[in-house]
Structures are given as structure tokens and as C-alpha cells.
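Engineer: Once you know that position 26 of the sequence shown is 28 in our numbering, the rest is easy, because the numbers rise by one and skip nothing. Even glycine gets a Cβ: it sits at the ideal position worked out from N, Cα and C.
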Amino acid sequence: GAQRQALEAELYDWSSRNWSLPVWHDGSQVGALSAGTLTLSVATSGRDYAAGRSALLLAGEQFYSMQIQTVGAGTLTLVSPLLSSWPAGTMV
3 GAQRQALEAE LYDWSSRNWS LPVWHDGSQV GALSAGTLTL SVATSGRDYA AGRSALLLAG
63 EQFYSMQIQT VGAGTLTLVS PLLSSWPAGT MV
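(1) Taking only three categories from DSSP, how would you classify residue 42?
(2) Could you check the C-alpha separation between residue 46 and residue 17 for me, to the nearest Å?
(3) If you check the beta carbons only, do residue 88 and residue 35 fall under 8 Å apart?
(4) Quick one: using the 10 Å Cβ neighbour count with 16 as the cut-off for buried, is residue 42 buried or exposed?
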């Protein structure tokens, strides 16, 4: 119904652009994040994170795509700081 129509509109609008899809088995929950945060504490070992790639924040129906600058042992450093705060339990 309405959700299918919304997806079709998104596919039409973004058909020639890059898409980001979450890699569910790589996901980790994080604590609350403040606007301006540049480094995220997440499990990185054995995960598909890499510098120059994107990562997604997901909380309910809210999402935010961010570019990874560096991957460390248990940290992701972002190219740009977060623009808004995110609640505890947000998935990365």
C-alpha cells in the first residue's frame, strides 16, 4: 500500500545515486551520543568498518549516514561530527 508507494518514489528519486544499507550482523548498540561527537565507541573487531566507507546510525525510524575517517580498536572516528544527539540503544 502506502509503504510500497513510498519505496517506489525513493527508488525513482535515488535511482542513480549511491545507497547505504545496514549490515545487520555488524551492528552494535551504543550509549547516548551528543551532537558534536566525532568518535564512537563500538565493537570493530571482525566487523566490516573501513576508512572512507559509510556507517549508519539507526534509532527507531530515524537514521543518519556518516563517513568513517579511521577505524581503531573499539572506535570509529568520523569525518564530520554528529549534527544532533542520539538516544542510548542507537544501533551503529
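Structural biologist: In this structure, then:
(1) strand
(2) 31 Å
(3) yes
(4) buried
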